[in-house]
Amino acid sequence: MHENKALQALLSRRSVLANNMIEPGPSAEEVSTILRAAHRVPDHGKIGPWRFIIFKGDARAAFSNVLKARTQEIDPGASEKLLKFEAERFLRAPLVIAVISSPIEHKVPAWEQVLSAGAACQNMLLASQALGYSAQWLTEWYAYDEKIRSHLKLNDSEKVAGFIYIGTAAEKPKERARPDLSERVSYWEAY
Ligand SMILES: Cc1cc2nc3c(=O)[nH]c(=O)nc-3n(C[C@H](O)[C@H](O)[C@H](O)COP(=O)(O)O)c2cc1C
Numbered sequence: 004m005h006e007n008k009a010l011q012a013l014l015s016r017r018s019v020l021a022n023n024m025i026e027p028g029p030s031a032e033e034v035s036t037i038l039r040a041a042h043r044v045p046d047h048g049k050i051g052p053w054r055f056i057i058f059k060g061d062a063r064a065a066f067s068n069v070l071k072a073r074t075q076e077i078d079p080g081a082s083e084k085l086l087k088f089e090a091e092r093f094l095r096a097p098l099v100i101a102v103i104s105s106p107i108e109h110k111v112p113a114w115e116q117v118l119s120a121g122a123a124c125q126n127m128l129l130a131s132q133a134l135g136y137s138a139q140w141l142t143e144w145y146a147y148d149e150k151i152r153s154h155l156k157l158n159d160s161e162k163v164a165g166f167i168y169i170g171t172a173a174e175k176p177k178e179r180a181r182p183d184l185s186e187r188v189s190y191w192e193a194y
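Heads up: take any position in the sequence shown, counting from 1, add 3, and you land on the numbering used here.
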């Protein structure tokens with residue numbers, strides 16, 4: 004453990020599976036704090052190439068029903084078990100926030116604008132953890148489905164960067180094996 008609290012949070016960060024989340028979720032004030040942290044990411048050119056869609060309360064069940072209907076449309080033979088799961092997908096957590104990457108035509112490359120949306124997702128995870136909640140960054144199938152995109156009112160240049168599920172951990176997550184850091188670090192040297 005690091006003695007510095009911010010570093011301790013970074014070095015111990017873990018996701019909690021949406022399936023392992025329970026109430027309570029963040030209060031309205033805490034949601035605002037999480038959004039402010041997301042909104043504070045590096046943003047080359049002051050573009051703000053992201054937007055946030057909040058799913059709370061009954062909206063979670065309503066959106067899950069959209070997922071169920073779409074699942075049935077894609078596969079009319081989908082099992083009752085799968086359809087039940089889809090009908091409850093967003094009810095796994097007290098709160099879900101979709102982070103939408105919204106790059107625009109600009110001299111700042113679209114790639115940088117997309118990275119900024121990824122940073123917004125990460126800040127949400129960290130802010131949630133700092134407030135004592137757990138979070139998981141998911142995309143799953145519905146981030147990429149054409150019809151679901153239209154339910155989210157995405158324009159042609161927009162993509163789902165992530166659905167951030169936020170709630171209270173039913174149990175503390177175990178440590179997760181990480182890639183070997185030393186294999187991923189090198190020192191550039193002049194030829
Ligand atoms: C862009 C992005 C999308 C992800 N989508 C999924 C997903 O659809 N399903 C999943 O199980 N994990 C997904 N993950 C991984 C989890 O968010 C999480 O990182 C993983 O459960 C490992 O836990 P950790 O964050 O504690 O390392 C995604 C991660 C990223 C960065």
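By construction, the Cβ of each residue, glycine as well, lies at the ideal position given by its N, Cα and C atoms.
Any non-hydrogen atom of ligand 1 closer than 7 angstroms to residue i Cβ
{"i": "Lys141", "result": "Before going further, note that residue 141 is Leu rather than Lys in the sequence given. Leu141 Cβ: within cutoff of ligand 1."}
{"i": "Ser119", "result": "no"}
{"i": "Gly28", "result": "no"}
{"i": "Ser18", "result": "yes"}
{"i": "Gly170", "result": "no"}
{"i": "Arg152", "result": "no"}
{"i": "Arg54", "result": "no"}
{"i": "Arg179", "result": "yes"}
{"i": "Gly48", "result": "no"}
{"i": "Gly165", "result": "yes"}
Which of helix, strand or coil DSSP assigns to residue i
{"i": "Ser131", "result": "helix"}
{"i": "Ser189", "result": "coil"}
{"i": "Ala72", "result": "helix"}
{"i": "Ala138", "result": "strand"}
{"i": "Ala9", "result": "helix"}
{"i": "Arg179", "result": "coil"}
Residue i classed as buried or exposed, judged by whether at least 16 other C-beta atoms fall within 10 angstroms
{"i": "Lys177", "result": "exposed"}
{"i": "Glu89", "result": "buried"}
{"i": "Asn22", "result": "exposed"}
{"i": "Gln132", "result": "buried"}
{"i": "Ser27", "result": "In the sequence as presented, Ser is not what sits at residue 27; that position holds Pro. Counting Cβ neighbours within 10 Å, Pro27 comes out exposed, since fewer than 16 surround it."}
{"i": "Leu14", "result": "exposed"}
{"i": "Arg92", "result": "buried"}
{"i": "Ile77", "result": "exposed"}
{"i": "Gly182", "result": "The sequence shown places Pro at residue 182, not Gly. Exposed."}
{"i": "Pro97", "result": "buried"}
{"i": "Ala12", "result": "exposed"}
{"i": "Pro29", "result": "buried"}
{"i": "Arg95", "result": "buried"}
Residue i: CB within 7 angstroms of a non-hydrogen atom of ligand 2
{"i": "Leu98", "result": "The ligand content of the structure shown is limited to ligand 1, which means ligand 2 is not among them."}
field: Completely contained beta strand (DSSP E) runs for the segment 74-121, where each covers 3 or more residues
entry: 98-104
message: Quick check on the DSSP output: what are the complete alpha helix (DSSP H) runs of length 4 or more inside the segment 11-61, in order along the chain?
response: 31-41
- request: Output the residue ranges of the alpha helix (DSSP H) runs that lie fully inside the segment 142-177 and measure 4 residues or longer, sorted by chain position.
  value: 149-154
message: Is it the case that the segment 159-171 contacts the segment 79-91, given that we only count it when at least three CB pairs across the two stretches are under 8 angstroms?
response: no
query: Do the segment 67-81 and the segment 4-21 meet, that is, are 3 or more Cβ pairs less than 8 angstroms apart?
result: no
Cβ contact (3+ pairs, closer than 8 angstroms) linking the segment 99-107 and the segment 50-57: yes
message: Quick check: the segment 123-138 against the segment 57-64, are at least 3 beta-carbon pairs closer than 8 angstroms?
response: no
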